[in-house]
Each structure stands twice: as structure tokens, then as C-alpha cells.
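For the sequence shown, full-length UniProt numbering begins at 1 and goes up steadily by one. C-beta atoms are modelled at their ideal positions from N, C-alpha and C, and glycine is treated no differently. Working notes for the structure below.
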Amino acid sequence: MVCKLRDVMGKRDERYCLIGSVELDEGFFTVELQEEEKNKSLKRGRGSQWKAKILVMIESSDSTKTPKRGRTNKAVGHLKMQIISGLGSKTITKVVKEQLEPLVELTTDDSISYIKFDKLC
């Protein structure tokens with residue numbers, strides 16, 4: 001049942017593009033390794049076989065509520081997560097062009113993978 005729900009949720013994500021203010025970052029999620037991979041020596045850190053590379057995009061807007069102390073005044077809209085093959089700027093730029101409207105306001109960290117985003121708008 002859970003697999004069916006995840007499949008439907010993934011198909012739903014393809015129906016819309018994120019608009020407005022979008023926060024973008026990469027995430028690393030633990031995955032199950034195949035039997036032949038378990039016996040090999042594993043890398044550590046960002047390139048580890050244990051971790052899947054996921055590009056996370058979150059649509060946000062200004063909230064009408066008063067924020068708690070130390071928090072920003074943001075409300076979360078839609079969320080998209082996509083598995084990516086690498087963390088290079090070409091890969092990430094391609095996904096961003098496919099998933100986001102052309103004139104979104106992007107908020108990112110200072111990763112060198114996000115260098116080409118100035119040319120998107």
C-alpha cells in the first residue's frame with residue numbers, strides 16, 4: 001500500500017511547477033544496498049553508496065502569522081524532491097529548468113553547483 005501511495009505522489013509532482021519564492025538544496029538519504037555492493041569497500045561522505053542524492057525544492061511565501069522568536073516569517077507551499085545522478089551544475093541546472101517556472105526567486109546556499117542560476121532568469 002505504501003509503495004502505491006509513493007508512486008501516486010510522485011506522479012502528482014509532475015503536474016505542477018513551483019512558482020514565486022523557492023528554496024533549493026540537496027539532501028542525502030540512506031538507501032538499501034544490493035548484496036554485491038555490501039561486500040565492497042564503501043566511500044564516506046557525499047559520494048557514499050549508502051546515500052542517494054536528492055534535489056529538494058520548496059515553494060514558500062510570507063506567512064500571515066507572527067513567527068516564533070528566532071524563526072523567519074515563511075509559510076511552506078508545495079515541495080518537490082528529485083533523485084539526481086550527480087551534484088554538478090549541469091545536472092542541477094537541467095532539473096531546475098524542468099521543475100521550476102522561469103521567473104522564480106531562488107534561495108540557495110553558496111554551493112558552486114548553483115553558479116549558473118543567474119543566467120536562468
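- Per DSSP, reduced to three states, the secondary structure at GLN99 is helical.
- Within the DSSP secondary-structure output, SER21 pairs in a beta bridge with SER60 and GLU105.
- For the 8 Å CB-CB criterion, HIS78 and GLU59 form a contact.
- Contact annotation: ILE54 and GLU26 have beta-carbon atoms nearer than 8 Å.
- When the Cα atoms are used, LYS11 and SER41 turn out to be separated by approximately 36 Å.
- Taking the C-beta atoms as reference points, ILE83 is found nearer than 8 Å to ALA52.
- The alpha-carbon separation between SER21 and PHE29 amounts to approximately 25 Å.
- SER63 sits away from LEU87, with the two beta carbons spaced by 8 Å or more.
- Our two residues, GLU101 and CYS17, have alpha carbons roughly 6 Å apart in a direct line.
- In the DSSP assignment, LYS80 is bridged to MET57.
- Looking at PRO67, ARG69, SER61 and SER85, the one whose alpha-carbon comes closest to that of ALA75 is SER61.
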